[in-house]
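Trainee: The sequence shown begins at 49 in our numbering and counts up by one.
Just so it is clear, CB atoms sit at the ideal spot from N, CA and C, and this is done for glycine as well.
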Amino acid sequence: MKLTEEDCLSCGLCCFFGILTAGKKWQGIEIGDDGWCRFYDPEEKCTIHEERPEVCREFKTGCPECIDLIEKKLQGWFDSK
Ligand code: SF4
Ligand code: SF4
Numbered sequence: 049m050k051l052t053e054e055d056c057l058s059c060g061l062c063c064f065f066g067i068l069t070a071g072k073k074w075q076g077i078e079i080g081d082d083g084w085c086r087f088y089d090p091e092e093k094c095t096i097h098e099e100r101p102e103v104c105r106e107f108k109t110g111c112p113e114c115i116d117l118i119e120k121k122l123q124g125w126f127d128s129k
């Protein structure tokens with residue numbers, strides 16, 4: 049699967065940092081009790097897009113982590129959580 053920035057599905061899965069940050073240090077992110085970034089809104093998506101942390105800017109559509117999240121979603125992995 050090859051995705052470019054323009055192909056972002058806006059699925060917001062990269063904002064589900066309870067999963068993505070396991071074992072990693074991601075600074076500038078606040079995680080809610082549900083595992084989603086507190087700045088993520090299902091309708092609006094990132095509510096601080098202009099001021100989002102560097103770590104979010106570095107995460108590119110189509111990067112291995114992005115593909116992994118999308119594949120997990122397609123496999124129904126999130127539905128079983
Ligand atoms: S700050 Fe924005 S882009 Fe970064 S994880 Fe939160 S909602 Fe997603
Ligand atoms: S996981 Fe990938 S496709 Fe989904 S919102 Fe993030 S960058 Fe876009």
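If we count the other Cβ atoms within 10 Å of its Cβ and call it buried at 16 or more, is C62 buried or exposed?
Mentor: So C62 ends up on the buried side.
Trainee: Assuming S58 and K93 are in contact, meaning their beta carbons sit under 8 Å apart, how far apart are those beta carbons, in whole angstroms?
Mentor: 6 Å
Trainee: Could you tell me whether any non-hydrogen atom of ligand 1 is closer than 7 Å to the CB of P101?
Mentor: yes
Trainee: Taking its Cβ as the centre, do 16 or more other Cβ atoms sit within 10 Å of L122, making it buried, or is it exposed?
Mentor: exposed
Trainee: What do you reckon, is the C-beta of I118 under 7 Å from a heavy atom of ligand 1?
Mentor: no
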